[in-house]
Every structure is written in C-alpha cells, then in structure tokens.
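Everything on this sheet refers to the single structure shown next.
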Amino acid sequence: MLKHFSTFAVACSIACVSAGAAQAALPVYGFVVKNTYPHDPQAFTQGLFYRDGHLYESTGQYGRSTIRKVELKTGKVVQKADLPKEVFGEGSTAVGNNLVGLTWTSQVGYVFDLKTFKLKQSFKYEGEGWGLASDAKQLYMSDGSSFIRILDPKTMQELRRVQVTAEGRPVDRLNELEMVDGELYSNIWGSELIARIDPDSGKVLGVIDLTGLLPPDQRGTKEVDAVLNGIAWDSKGKRLFVTGKLWPKLFEIELMPKLRR
Numbered sequence: 001m002l003k004h005f006s007t008f009a010v011a012c013s014i015a016c017v018s019a020g021a022a023q024a025a026l027p028v029y030g031f032v033v034k035n036t037y038p039h040d041p042q043a044f045t046q047g048l049f050y051r052d053g054h055l056y057e058s059t060g061q062y063g064r065s066t067i068r069k070v071e072l073k074t075g076k077v078v079q080k081a082d083l084p085k086e087v088f089g090e091g092s093t094a095v096g097n098n099l100v101g102l103t104w105t106s107q108v109g110y111v112f113d114l115k116t117f118k119l120k121q122s123f124k125y126e127g128e129g130w131g132l133a134s135d136a137k138q139l140y141m142s143d144g145s146s147f148i149r150i151l152d153p154k155t156m157q158e159l160r161r162v163q164v165t166a167e168g169r170p171v172d173r174l175n176e177l178e179m180v181d182g183e184l185y186s187n188i189w190g191s192e193l194i195a196r197i198d199p200d201s202g203k204v205l206g207v208i209d210l211t212g213l214l215p216p217d218q219r220g221t222k223e224v225d226a227v228l229n230g231i232a233w234d235s236k237g238k239r240l241f242v243t244g245k246l247w248p249k250l251f252e253i254e255l256m257p258k259l260r261r
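Quick note: full-length UniProt numbering has the sequence shown finishing at residue 261, numbered continuously throughout.
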C-alpha cells in the first residue's frame, strides 16, 4: 500500500537533501556492489537488520504483514510470524534479545522474543510509525516527518525529538532506519537516497545516492511502491546491505566518495 504524499512533496524532500549537500560541502557517496543475494519479491520491506548471521525483516501491507528471519545467501525465510490482519507492519530493530516492531497508523508497536518470535508485549505511541533503529541505549523512530523520536527501550516512552536538517533546512520523508558506526542512516521515502545523520544533532552528515542500483525495469513489478527501502549493517563484518519493497534482490554495497563541492 502506497503512503499518500504528493510527488511535489517528495521532490522537495529530495531537493532539500541534495541542496544541503552541495551548499554545506557535505559528501555524496556512490556505491560498488560487492555481492547480490535473492530477496523475496513478495516482501513489502519495511524494516531490516542483521543479527548473528541472519537478516531479520519486517514487512507491510494489511493482511500480509510479518516479521521474519532470513538466510542471507539463499533469501530463504527460516522463521516467520504474522502480524494481526488489521495492522500494517512497519520498521523493526533488535533490542537485546527482543525484536521491536512498529505499525503504520494503528499507533501500536510490538515486542517479540527474537529467538522464538513469541509476542511479549505491545506498546502505544501517537501518530504514524515508519522506521526504527537502536544503538543498544536508545531507540530511534521515524514517522514520515523530518523528526526522529528518541525512545526509552525499557519503557518505550518518548524521551525527546530531534529534527533532521541539511544546511538548516528540514529533511522529511525519513523512512527505514539503521545505526551504522554511530551514524543514523535513513532511507528517504520515494527516492534513491539515504541520508547519513548525526543522531544527537539531527544534522545530515552525508548523502548516499543509490541511483541505478536496481532500475525500475529490473524490479519484476510495475508497482509504484516498489521503492528502495531497507538498510542492514553487519557491525562485525563491516558489511552494508540494502534492498527495496517487493525487490527480487538484496545487495551488499561498499560506499565510494562521489562528489564534494
């Protein structure tokens, strides 16, 4: 299901990041594909993270939302749990031995046992849920705006909010999130860009341009919402993985400096 925002609004968000990068001498990164892996083309990817040799993925759409454990090399789903049919699954992350997941408009999140996928508890929040990441001390939650909510991982209560900006201008449509060596990476919904964000100040530190990673005519679907979404970081192996909603492939990429003005 497509999140309903105008093309103009999305374009403004992208322009803001690009302009910020150019004017503030922020680095822009291209990429080199290191490895390509199978990805379930029916998976409407909303959240993605790497843990102990496996990928964990949360998927969306009403009646089809899941959390799943996936073999990296084969793309095989080795464990799965369905979310209630009335919710639209969103971002997810690991907190200790738990998997925490959001929903889009239901204003409810879930805490599952990471090993068994057994539901342990639910929690409430206001507004929409989009992306989720953790640095083991705090949770970082996006809601489609330019703000990142900081949550207490024990109580799931909001502690504060940080606005993401490039050259002082808000960057909205922040979607799937991932902590990468102290930086918060965020897909910018509807674009081929990932923003690298200082999680304390909200300042954009750089922009990753993944244009051409998987062109639309190679995605195996004409769905307009088959967009780039999903970032996972292997902190031990220093490997960065990205994919998209309904994409048939998942990529390990290496970032390369592309432009600096």
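Glycine included, C-beta positions come from ideal geometry on N, C-alpha and C.
Mapping the DSSP letters down to three states, classify residue i as helix, strand or coil.
i: aspartate 135; result: coil
i: glutamate 217; result: The sequence shown places aspartate at residue 217, not glutamate. Aspartate 217: helix per DSSP, three-state reduction.
i: arginine 68; result: strand
i: threonine 165; result: strand
i: lysine 245; result: coil
i: histidine 54; result: strand
i: valine 95; result: strand
i: methionine 156; result: coil
i: isoleucine 253; result: strand
i: arginine 149; result: strand
i: proline 38; result: strand
i: arginine 173; result: coil
i: valine 224; result: coil
i: serine 142; result: strand
i: alanine 81; result: strand
i: tryptophan 189; result: coil
Cα separation between residue i and residue j?
i: valine 171; j: leucine 246; result: 25 Å
i: threonine 74; j: tyrosine 37; result: 7 Å
i: isoleucine 197; j: valine 77; result: 31 Å
i: arginine 169; j: threonine 116; result: 43 Å
i: glycine 237; j: arginine 51; result: 11 Å
i: leucine 255; j: glutamine 42; result: 28 Å
i: glutamate 167; j: alanine 195; result: 13 Å
i: proline 216; j: leucine 193; result: 15 Å
i: phenylalanine 44; j: aspartate 200; result: 30 Å
i: glutamine 163; j: serine 146; result: 6 Å
i: leucine 132; j: leucine 240; result: 17 Å
i: isoleucine 67; j: alanine 81; result: 5 Å
On the DSSP bridge assignment, give the partners of residue i in chain order.
i: glutamine 121; result: Val111
i: valine 100; result: Thr93, Val111
i: threonine 183; result: The residue asked about is misnamed: residue 183 is glutamate in this sequence, not threonine. DSSP output for glutamate 183 lists Val180 as bridge partner(s).
i: lysine 203; result: Thr165
i: residue 265; result: Any answer about residue 265 is impossible in this case: the structure gives the chain only from 1 up to 261.
i: tryptophan 130; result: Paired residues: none, contrary to the question.
i: aspartate 198; result: In the DSSP output, where bridge partners are listed per residue, aspartate 198 has none listed.
i: phenylalanine 31; result: Leu255
i: leucine 240; result: Trp233, Ile253
Going by beta-carbon coordinates alone, are residue i and residue j separated by less than 7 Å?
i: lysine 258; j: histidine 39; result: no
i: tryptophan 233; j: glutamate 183; result: no
i: serine 65; j: glycine 89; result: yes
i: serine 142; j: isoleucine 150; result: no
i: aspartate 209; j: valine 95; result: no
i: valine 227; j: glycine 202; result: no
i: glutamine 61; j: lysine 69; result: no
i: leucine 114; j: asparagine 97; result: yes
i: glycine 129; j: threonine 103; result: yes
i: glycine 230; j: glutamate 158; result: no
i: phenylalanine 123; j: methionine 156; result: yes
Throw me the rounded Cβ distance for the residue i and residue j pair, which I believe falls under 8 Å.
i: serine 106; j: leucine 99; result: At roughly 17 Å, the Cβ-Cβ gap does not stay under 8 Å, so serine 106 and leucine 99 are not in contact.
i: lysine 34; j: isoleucine 253; result: 6 Å
i: leucine 72; j: histidine 54; result: 7 Å
i: threonine 165; j: valine 207; result: With a Cβ gap of about 13 Å, threonine 165 and valine 207 do not count as contacting.
Using beta carbons (cut-off 7 Å, strictly below), is residue i in contact with chain D?
i: asparagine 187; result: Among the protein chains of the structure shown there is no chain D, as only one such chain exists.
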